[in-house]
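Numbering (our numbering), first residue to last: 26 to 240. Structure record follows, encoded as C-alpha cells.
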Amino acid sequence: MTGYFVTFEGPDGSGKTTALQGILEKLPVAAKRSLLVTREPGGSVVAEKIRKLILDPVNTTMTDRTEALLYAAQRSQHVTEVLKPALAADKVVFSDRFVDSSLAYQGAGRQLGIAAVKEINDFATQGLAPDLTILFCIEPAQGLARIKHERPGQEDRLEKERLAFHQRVYQAYLALAEQEPNRFVKIDASQSPAQVVQACLQVLKNRLPQLFAED
Ligand code: TYD
C-alpha cells in the first residue's frame, strides 16, 4: 500500500471527531496497522503546545494574523514531524483538519483572504496536500447548537465567534469543494452519528479498498 492522506473537514459541531472514532471502530484490524490518526491544531508535542495557545479563551487580544500564523506554525511542525514521515512509510494518514480549515476559518471567517492564508500555508506545508478530503456538511446554526447542548459553557475561542463568522467558514468550505471536486467528497453531517459513520466508510471503501482487505 502506498501512502495516502485523508483529511476530515467541516464547521464546528459537525461531528467529525466523533465520526472518526466510529470509523476506526469499524475498520478491520489489519487496516489499523497501516493507519496513522492525527489532528490539527496539534498532532505533535510542539504543535499541541501551540494548540493550547490558540484555543485558550483568555487570549482575547490575539490578532487575526497572529492566529493565522500560529495555525500555519503548528502545521509546519505537524507536517515535518508526523505527516511526511508516515506517508513516506506508506501509511494511510487520517487527519482531523488540515489546510482547508485555515482557508475557511482564517481566510473567510476572519476575512484575511483565502490567497494570503494559502500563501503562508504553502510555506508551512512545503506542498503537502491531501489525496482525499471528507467534508462534513451541516448548517452552522445546527452545528453550534450541538456544541451548546453537549458542552454547555465550554466553548473554545473559535467556537465563541458569532454565527456570521461560522456562516462565512461554511460557505468557504463549500466553495473549496466546488473548486476541487476530485479531492473533496461531501457528506451530510446532519444525519444520525451512525449514518454519518456509514457514509464515511462508503467513501473510504471506494477510494481505498485495500484498507478494508481482511488478512
Ligand atoms: P477542536 O477542538 O479541534 O475542534 P473540532 O473538533 O471542531 O476540530 O478546535 C479546533 C478549532 O480550531 C476549530 O474551531 C477550528 C479551528 N481551526 C482554525 O480556525 N484554523 C485551522 O487551521 C485549524 C486546523 C483549526
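Cβ coordinates follow ideal geometry from the N, Cα and C atoms, glycine included.
I'd like to check one pair, residue j with residue i: are the Cβ atoms closer than 8 Å?
i, j, result
"Asp37", "Leu183", "yes"
"Ala133", "Val194", "yes"
"Leu60", "Phe123", "no"
"Ala149", "Ser101", "yes"
"Lys143", "Leu128", "yes"
"Phe30", "Pro155", "yes"
"Ile22", "Phe237", "With the chain running from 26 to 240 in the structure shown, residue 22 is simply not present."
"Ser69", "Val107", "yes"
"Ile75", "Ala111", "no"
"Asp121", "Leu201", "no"
"Phe209", "Gly35", "no"
"Ile242", "Ser217", "The question about residue 242 has no answer, for the chain in this structure spans 26 to 240."
"Leu95", "Ile79", "yes"
Should residue i be labelled buried (16 or more other beta-carbon atoms within 10 Å of its own) or exposed?
i, result
"Ala113", "exposed"
"Gly40", "buried"
"Val221", "buried"
"Ser126", "buried"
"Pro252", "Outside the shown range of the chain, which is 26 to 240, sits residue 252, and nothing can be said about it."
"Met26", "Bear in mind that the predicted position of Met26 carries a pLDDT of just 42, short of 50, making it unreliable; the figure below should be weighed with that in mind. Under this definition Met26 is an exposed residue."
"Glu239", "exposed"
"Glu205", "exposed"
"Leu141", "The amino acid occupying residue 141 in the given sequence is Ala; Leu does not appear at that position. Ala141 should be labelled exposed."
"Ala219", "exposed"
"Glu203", "exposed"
"Glu92", "buried"
If I measure Cβ to Cβ from residue i and keep anything under 8 Å in the same chain, skipping five residues before and after, which residues do I get?
i, result
"Leu188", "Pro165, Ala166 and Leu169"
"Arg90", "Leu137"
"Val71", "Gln99, Gln102 and Glu106"
"Lys57", "Leu49"
"Lys250", "In the structure as shown, the chain starts at 26 and stops at 240, and residue 250 therefore has no counterpart that could be examined."
"Gln192", "Pro165"
Note down, in chain order, each residue of its chain lying with its Cβ closer than 6 Å to the Cβ of residue i, except the 5 sequence neighbours on either side.
i, result
"Phe190", "Gly134"
"Val104", "Thr150 and Leu153"
"Ala197", "Ala129 and Ala133"
"Thr63", "Val107 and Ser120"
"Arg232", "Leu157"
"Asn146", "Ala97, Val124 and Ser127"
"Lys230", "Phe237"
Using a Cβ-Cβ cutoff of less than 7 Å, which residues in the same chain neighbour residue i once the five nearest sequence positions on both sides are dropped?
i, result
"Leu226", "Ile48 and Lys51"
"Lys185", "Pro82"
Whose CA, out of the options, lies closest to the CA of residue i?
i, options, result
"Gln235", "Thr43, Val54 and Thr42", "Val54"
"Met87", "Arg171, Gln131 and Asp115", "Gln131"
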